[in-house]
Ligand SMILES: [Cu+2]
């Protein structure tokens, strides 16, 4: 399970509407934590691999589950204080991958329609500058999950 | 207003360290208005002064932690990234210690008591290792705790509204104290598991 790219699985399931170069971005190790209670935000993590020959720029995210979805960067100062801020556009150079992982880049889902429940899946759209968006399916793991396999 | 409170806690911490470093000497070297000296180490647990309730409703204080090594960190339950990650890490360390976990205190202190009511804390703590205790106090007690640990926090924009959706910037290192209440080490957010467990085991062996 750990090594199956979820985006690929999705392409297999819905191959028709996708243009060839959309497959240049492969999302792997996709996971989300169950959110707790009514108003707490959710979070999603993944690795994005650019298998194409051009730079791709991730500008945002969207999901039907959250009224507001943003890519955030957690940063920790020299004195050990952590904060989150919108990450801005993210360039993914050809042949490289970027990791959205705990304590770093993450997708933050605010104003969820209902809590993200362990065991369910939801759809997320990664928005790229050239207009080729990538749809991914995100599995919701336990509230205490630490990575895609746990 | 709220960031002013956090800032006051910060100043109080800075002033205490400055006096510990013999204020006149430091003042002459660095001059008025210089940044507080770093690192600012937390007070020994036995010298801190604050009182809170744990997530079961029991009265707790830092003095109550003295006698066993302790892991303590600050956070808030609306924190989507850093706090569940740290709580999962601590849960994993405790599981890795097996029976030795009972020889350790593990405490999560909320810096967002406005949203983190006791029932919210109780619900939240269920998801993590049962040995981790979730502490919550009034704003004043929270500020006293933060000052004692030389930690800091700032409530984000929107914190004063109703049902507000705001983030909290906060110290994210895990404080590891020896059984006598003095600081042994800090464990940072990105430290690997083996290194963290080794630090804890070193303190348990003493
Ligand atoms: Cu965030």
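Residue numbers (the working numbering), protein chains in the order written: chain P, 1 to 150; chain S, 1001 to 1206. Note that the Cβ used here is the ideal one computed from N, Cα and C, for glycine as well.
Chain P contact for residue i (CB, 9 Å cutoff)
i: residue 1082 of chain S; result: yes
i: residue 1131 of chain S; result: no
i: residue 1070 of chain S; result: no
i: residue 1189 of chain S; result: yes
i: residue 1200 of chain S; result: no
i: residue 1112 of chain S; result: no
i: residue 1143 of chain S; result: no
i: residue 1170 of chain S; result: yes
6 Å Cβ shell around residue i - same chain, five flanking residues per side excluded
i: residue 144 of chain P; result: none
i: residue 1148 of chain S; result: 1043, 1048
i: residue 90 of chain P; result: 58
i: residue 44 of chain P; result: 32, 107, 138
i: residue 1151 of chain S; result: 1074, 1171
i: residue 99 of chain P; result: 47
i: residue 103 of chain P; result: 74
i: residue 101 of chain P; result: 45
Per-residue DSSP class, three states only, for residue i
i: residue 1062 of chain S; result: helix
i: residue 142 of chain P; result: coil
i: residue 51 of chain P; result: coil
i: residue 108 of chain P; result: strand
i: residue 1134 of chain S; result: strand
i: residue 1193 of chain S; result: helix
i: residue 131 of chain P; result: coil
i: residue 1215 of chain S; result: For residue 1215 of chain S there is no data in the structure shown, the boundaries of chain S being 1001 and 1206.
i: residue 1089 of chain S; result: helix
i: residue 1095 of chain S; result: helix
i: residue 38 of chain P; result: coil
i: residue 1047 of chain S; result: helix
i: residue 1110 of chain S; result: strand
i: residue 1205 of chain S; result: helix
i: residue 1123 of chain S; result: helix
i: residue 1151 of chain S; result: coil
i: residue 1056 of chain S; result: coil
i: residue 1118 of chain S; result: helix
i: residue 1103 of chain S; result: helix
i: residue 1171 of chain S; result: strand
i: residue 28 of chain P; result: strand
i: residue 1184 of chain S; result: strand
i: residue 1142 of chain S; result: helix
i: residue 1079 of chain S; result: coil
i: residue 1023 of chain S; result: Summary for residue 1023 of chain S: the model assigns pLDDT 37, below 50, so the residue's position carries little reliability; its value from the coordinates is reported in the next sentence. Helix, per DSSP.
Same chain, Cβ closer than 7 Å to residue i, neighbours up to 5 away in sequence not counted
i: residue 1142 of chain S; result: 1111, 1113
i: residue 1101 of chain S; result: 1094, 1131
i: residue 24 of chain P; result: 50, 51, 52, 56
i: residue 1087 of chain S; result: 1108, 1128, 1132
i: residue 1144 of chain S; result: 1049, 1050
i: residue 1183 of chain S; result: 1041, 1042, 1175, 1177
i: residue 95 of chain P; result: 50
i: residue 54 of chain P; result: 94
Min CB distance residue i to chain S below 9 Å
i: residue 51 of chain P; result: no
i: residue 41 of chain P; result: yes
i: residue 84 of chain P; result: yes
i: residue 63 of chain P; result: no
i: residue 37 of chain P; result: yes
i: residue 81 of chain P; result: yes
i: residue 99 of chain P; result: no
i: residue 106 of chain P; result: yes
i: residue 111 of chain P; result: yes
i: residue 125 of chain P; result: no
i: residue 54 of chain P; result: no
i: residue 115 of chain P; result: no
i: residue 60 of chain P; result: no
i: residue 76 of chain P; result: yes
i: residue 102 of chain P; result: yes
i: residue 69 of chain P; result: no
i: residue 142 of chain P; result: yes
i: residue 87 of chain P; result: no
i: residue 145 of chain P; result: yes
i: residue 137 of chain P; result: no
Cut-off 8 Å between Cβ atoms - residues of its own chain near residue i, not counting five sequence neighbours on either side
i: residue 1085 of chain S; result: 1189
i: residue 1053 of chain S; result: 1059, 1060, 1118, 1135, 1136, 1137
i: residue 1186 of chain S; result: 1173, 1174, 1175, 1176
i: residue 1104 of chain S; result: 1068, 1069, 1070, 1071, 1094, 1097, 1131, 1200, 1204
i: residue 122 of chain P; result: 32, 63, 64, 65, 116, 137, 138, 140
Contact belief for residue i with residue j at Cβ below 8 Å, rounded distance in angstroms
i: residue 1108 of chain S; j: residue 1137 of chain S; result: That belief does not hold up - the Cβ atoms of residue 1108 of chain S and residue 1137 of chain S are roughly 13 Å apart, past 8 Å.
i: residue 125 of chain P; j: residue 62 of chain P; result: 5 Å
i: residue 48 of chain P; j: residue 27 of chain P; result: 6 Å
i: residue 1097 of chain S; j: residue 1200 of chain S; result: 7 Å
i: residue 168 of chain P; j: residue 141 of chain P; result: A question about residue 168 of chain P goes unanswered here, because the residues of chain P that appear run from 1 up to 150.
i: residue 1156 of chain S; j: residue 1146 of chain S; result: Between residue 1146 of chain S and residue 1156 of chain S the Cβ distance is about 16 Å, and since that is not below 8 Å, they are no contact.
Contact list for residue i against chain B, beta-carbon separation under 7 Å
i: residue 1167 of chain S; result: Note that chain B does not occur in the displayed structure, where the protein chains are P and S.
Contained alpha helix (DSSP H) runs [length at least 4] in the region 45 to 101 of chain P, N- to C-terminal order:
Counting only runs that start and end inside the region 45 to 101 of chain P, there is no alpha helix (DSSP H) element of at least 4 residues.
Nearest-residue set for ligand 3, Cβ under 6 Å from any heavy atom:
Judged by which ligands are present, ligand 3 is missing from the structure shown, whose ligands are ligand 1.
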